[in-house]
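Asks:
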Amino acid sequence: MNIVIYARYSSHSQTEQSIEEQLQTCHEFAKHNGHIVIGEYIDRAQSGTTDSRAEFQRMIADSDKHAFEGVLVYQFDRFARNRYDSAINKAKLKKNGVRVISARENISDDASGILVEGVLESMAEYYSAELSQKIRRGMNINAEKCLSNGSNPGLGYYVDEKRRFHVDPERAAIVREIFEMYASGKTVAEITKYLNSKRVKTSLGKDFNKNSLHRLLRNKRYIGYYIYKDTETPGGMPRIIEDELFERVQHILERNKKAPARSRGREEYLLTTKLFCGYCREMMTGYGGTGKSGKAYHYYACNNFKRRKCKKKVVHKEKIENRVVLECCKLLTDSNIERIASAVADVCKTDQDTSAIKRIKAAIQETDTAIENLWKALERGQAVDMITERIEKRKQEKAELQGRLAVEMGKQVTLTAPQVRSFLYALKCGDIDDENTRRGIINIFLRAVYLYDDRVTLIFNGGKRPIILDDVLLDEIEEHFESAVSYHKKCSPLVASAPPKRKTRRKSCLSFCVQSADVSTSNYDTPRIPCSGTETLKGIIMYNFESILSLGVFWYTAKDLDYTKK
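The sequence shown begins at 1 in the UniProt record's numbering and counts up one residue at a time.
(1) For the candidate residues V73, G150, V407, whose alpha-carbon lies nearest to that of A30?
(2) Going by beta-carbon coordinates alone, are T270 and L216 separated by less than 8 angstroms?
(3) Alpha carbons only, please: which of V200, R99, N2, K257 is nearest the one belonging to I178?
(4) Does the structure place the segment 429 to 442 close enough to the segment 291 to 299 that three or more beta carbon pairs sit under 8 angstroms?
(5) Go to Y425, then tell me how far its alpha helix (DSSP H) extends in each direction, as first and last residue.
(6) Checking 8 angstroms against the spacing of the C-beta atoms, do K274 and A448 come in under that value?
(7) When you compare each of R421, H251, R323 to S342 by their alpha carbons, which one comes out closest?
(8) Taking 8 angstroms as the threshold, find out whether the segment 217 to 229 comes into contact with the segment 148 to 164 through three or more Cβ pairs.
(9) Output the distance between the C-alpha atoms of I5 and K206, rounded to the nearest integer angstrom.
(10) Which residues in the same chain as I371 place their Cβ atom closer than 8 angstroms to its Cβ, once the five residues preceding and following it in sequence are excluded?
(11) Unbroken alpha helix (DSSP H) runs of length 4 or more, entirely within the segment 29 to 80: which are they?
(12) Put residue 653 into one of helix, strand or coil per three-state DSSP.
(13) Which residues bound the beta strand (DSSP E) around C280?
(14) Considering only C-alpha positions, which residue in the set Q22, E244, R339, N142 is nearest to Y228?
(15) Tell me the rounded alpha-carbon separation between F165 and P238.
(16) For a quick check, are the C-beta atoms of G97 and I3 less than 8 angstroms apart?
(17) DSSP three-state call for A189: helix, strand or coil?
(18) N256 to G235, Cα distance in whole Å?
(19) What separation, rounded to the nearest whole angstrom, lies between the Cα atoms of R8 and E282?
(20) Taking only the alpha-carbon atoms, compute the straight-line gap between A103 and H32 and give it to the nearest angstrom.
(21) Suppose you measure from the CA of G291 to the CA of H316; what does that come to, to the nearest Å?
(22) On the DSSP bridge list, what partners appear for C302?
(23) Answer with buried or exposed for L93, where buried requires no fewer than 16 other C-beta atoms within 10 angstroms of its C-beta.
(24) Considering only the alpha carbon of each residue, which of L245, E40, A172 lies closest to E55?
(25) Tell me whether F246 sits in a helix, a strand or coil according to DSSP, three-state version.
(26) Run the CB neighbour count on Q133, radius 10 Å, all protein chains shown included, and call it buried at 16 or more, exposed below.
(27) Tell me, to the nearest whole angstrom, how far the beta carbon of I60 is from that of I42; I am working on the premise that it is less than 8 angstroms.
(28) Quick test of your reading: C328 and F423, contact by CB under 8 angstroms. State the CB separation rounded to the nearest angstrom.
(29) Alpha carbon to alpha carbon, how far is K361 from L374?
(30) If you draw a straight line from the alpha carbon of R218 to that of N152, how long is it in whole angstroms?
(31) On a CA-only basis, which of K193, E318, C310 is nearest L213? Give me that one, please.
(32) Out of curiosity, what's the CA-to-CA distance linking V100 and G138?
(33) Are R176 and I252 close, meaning C-beta to C-beta below 8 angstroms?
(34) Considering only C-alpha positions, which residue in the set N303, V249, I442 is nearest to N322?
(35) Candidates N304, D77, K90: which alpha carbon is nearest E105's?
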């Protein structure tokens, strides 16, 4: 009888040697019983409780070819440890005239043999469930002790023979450099290119790419969290990155996640995601084109115009951006700056959440009391070993609480009116031809711009009403290109479509702070703010970014998206 051999081992309890033993036994059985082995199917490190085994599924599929009449296994639990899957797959094989044979379990084909086979399969399923339970229990115990469960420790760490995590100084320096580069404004693409040029590998020994770098930057292990399933244990891992740097990186990641790429080329379109057609409400996207004379143009076009569903003319990039920036700058009057600075400072004073600090301080006080009581019991000579162990445990709890308290206290850094005032004056006095200044002004003030043929409607962050710029002449902001053919055939899209328009209000005051220059060291003739050590105004504002986003300082609003209709 022509047969094939199926062999498998699971990663938890067996090794590659197990496969060789299975194959040797099966070949000896086939030779002794006059069977001809025409093939082998081998699954390495695969569980028998699942059907997701590549070689196993290939064997089932090959049975349709009727090239073999039997599948020889070392014993039935190699075929499957789940009775349901076993029955289903045996039925498939039986339909194709193939039977399953065990080299170790001599079972007849009569009724008693069927009963014995069922008992063996039940025992195999029970063994598999029990083994899985033991493995999970062991992994849970390891997790409680913050020990490795065999997974990749991550770049910057190594695991000793007792499964404990340690910092690898050389690799940890690379991790710190990555975080500092991203916090300083380097893009993921730039960092990835730099690491690969230096032949720095991931913890898996592969080249860095966008996904692996994002995972590293979001990994809370680097600030001391041991993570197992959905449980995070503070202080369970040796720390590599300080909280302030980690939080700064998270803010930048979130900001970049919400804002789609502005440009696929060198030209940056500052109104991307903010400029909309006033007629059809579609987003206007940045494009580059070349006229018949060879002159290059940069402009915004309604997405529906490109689809020939809207007649809104294309708009010259620089002219519309200049007009919008100038109108935004009009808000930076002395009186408005004073009002904003005062409002931000007042909100920061009243918006402090001290409940977590109070809870942690109460827990520390409770721990101190417990330690004092244990010392008293120890002085009385009660269960010395047990009490000493409990004292040490309480001390560890106190140390962890003190660490959490330090983190919470750090979050309470507030913005003062002079700090905000200095920042806004620096913005006001900045060069509006500078790309960073223009970007900052647009990001701070604007929520949306609706463009018509005869007017522009600006919608600012927060407030109660829009600003409509009437009497805007068509030739001030619009550009008629030399040829529609030039536009449709020679233009090259530079900006990806942005997410759908949002109807929820987003109040913002200083969103530019996370990408602006350091005000405390700027060249502008504005009030200086004393900063202790390396803590600059930029760092202070970034640290309070979430509080800043909750402010409603400006007094304009975005109503429903159809409010500009006449």
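Yeah, the Cβ is synthetic: ideal placement off N, Cα and C, and Gly gets one too.
Since the structure is predicted, the reported quantities are computational estimates derived from the model, not experimental observations.
Replies: Straight from the coordinates:
(1) For the purposes of this step, residue 30 is identified with residue 30 of the sequence shown, where counting begins at 1. Answer by Cα proximity: V73.
(2) As a working mapping, residue 270 is identified with position 270 in the sequence shown. As a working mapping, residue 216 is identified with position 216 in the sequence shown. What sits at residue 270 in the sequence shown is Leu, not Thr. No, the pair does not count as a contact, with Cβ atoms beyond the cut-off.
(3) If you number the sequence shown from 1, residue 178 lands on position 178. Ranking the options by Cα distance to I178, first place goes to V200.
(4) no
(5) As a working mapping, residue 425 is identified with position 425 in the sequence shown. Looking at the DSSP string, the run of the alpha helix (DSSP H) that includes Y425 is 417 to 428.
(6) Here residue 274 refers to the residue found at position 274 of the sequence shown. Here residue 448 refers to the residue found at position 448 of the sequence shown. Yes, the Cβ-Cβ distance between K274 and A448 is below 8 angstroms.
(7) The residue labelled residue 342 in the question sits at position 342 within the sequence shown. Nearest of R421, H251, R323 to S342, Cα basis: R421.
(8) yes
(9) Taking the sequence shown and counting its residues from 1, the one referred to as residue 5 is at position 5. Taking the sequence shown and counting its residues from 1, the one referred to as residue 206 is at position 206. Rounded to whole angstroms, I5 to K206 spans 35 angstroms at the Cα level.
(10) Numbered from its first residue, the sequence shown carries residue 371 at position 371. Taken in chain order, the residues that qualify are I391, R394, K395, K398.
(11) 54 to 62, 76 to 79
(12) In the structure as shown, the chain starts at 1 and stops at 566, and residue 653 therefore has no counterpart that could be examined.
(13) Taking the first residue of the sequence shown as position 1, residue 280 is located at position 280. No beta strand (DSSP E) holds C280; DSSP gives it neither H nor E.
(14) Here residue 228 corresponds to residue number 228 of the sequence shown, with the count starting at 1. Nearest of Q22, E244, R339, N142 to Y228, Cα basis: N142.
(15) Within the sequence shown, residue 165 is the residue found at index 165, counting from 1. Within the sequence shown, residue 238 is the residue found at index 238, counting from 1. Their Cα atoms are separated by approximately 7 angstroms.
(16) Counting from 1 along the sequence shown, the entry for residue 97 is found at position 97. Counting from 1 along the sequence shown, the entry for residue 3 is found at position 3. No, the Cβ-Cβ distance between G97 and I3 is not below 8 angstroms.
(17) Along the sequence shown, one-based indexing puts residue 189 at 189. Three-state result, A189: helix.
(18) Sequence index remark: in the sequence shown, residue 256 carries index 256 (1-based). Sequence index remark: in the sequence shown, residue 235 carries index 235 (1-based). Those two C-alpha atoms are separated by around 29 angstroms.
(19) The residue labelled residue 8 in the question sits at position 8 within the sequence shown. The residue labelled residue 282 in the question sits at position 282 within the sequence shown. Each residue's alpha carbon lies about 58 angstroms from the other.
(20) As a first step, residue 103 must be located in the sequence shown, where it is residue number 103. As a first step, residue 32 must be located in the sequence shown, where it is residue number 32. When rounded, the distance between both Cα atoms is 11 angstroms.
(21) Translated into positions along the sequence shown, residue 291 becomes position 291. Translated into positions along the sequence shown, residue 316 becomes position 316. Spanning the two alpha carbons is a distance of roughly 14 angstroms.
(22) Sequence index remark: in the sequence shown, residue 302 carries index 302 (1-based). In DSSP, C302 forms a bridge with M284.
(23) For the purposes of this step, residue 93 is identified with residue 93 of the sequence shown, where counting begins at 1. So L93 counts as buried.
(24) Counting from one through the sequence shown, the residue named residue 55 turns up at place 55. Residue E40 is the option with its Cα nearest to E55.
(25) As a first step, residue 246 must be located in the sequence shown, where it is residue number 246. Correct three-state label for F246: helix.
(26) Indexing the sequence shown from 1 puts residue 133 at position 133. Counting Cβ neighbours within 10 Å, Q133 comes out exposed, since fewer than 16 surround it.
(27) Reading the sequence shown from its first residue, position 60 is the one you call residue 60. Reading the sequence shown from its first residue, position 42 is the one you call residue 42. About 15 angstroms; that fails the 8 angstroms criterion.
(28) The residue you call residue 328 lines up with position 328 of the sequence shown. The residue you call residue 423 lines up with position 423 of the sequence shown. Their Cβ separation, rounded to whole angstroms, is 16 angstroms, which puts C328 and F423 out of contact at 8 angstroms.
(29) Sequence index remark: in the sequence shown, residue 361 carries index 361 (1-based). Sequence index remark: in the sequence shown, residue 374 carries index 374 (1-based). One C-alpha to the other measures close to 20 angstroms.
(30) Residue numbering aside, residue 218 sits at position 218 when the sequence shown is read from its first letter. Residue numbering aside, residue 152 sits at position 152 when the sequence shown is read from its first letter. R218 and N152: Cα-Cα distance of roughly 16 angstroms.
(31) Locating residue 213 in the sequence shown gives position 213, where the first residue counts as 1. Selected option, being the one with the closest Cα: K193.
(32) Numbered from 1 along the sequence shown, position 100 holds the residue referred to as residue 100. Numbered from 1 along the sequence shown, position 138 holds the residue referred to as residue 138. Approximately 35 angstroms between the Cα atoms of the pair.
(33) The residue labelled residue 176 in the question sits at position 176 within the sequence shown. The residue labelled residue 252 in the question sits at position 252 within the sequence shown. For R176 and I252, no; Cβs fall outside 8 angstroms.
(34) Here residue 322 is taken as the residue at index 322 of the sequence shown, counted from 1. Of the listed residues, the one whose Cα sits closest to N322 is I442.
(35) Stepping through the sequence shown from its first residue, residue 105 is reached at position 105. If we check each option's Cα against that of E105, D77 comes out closest.
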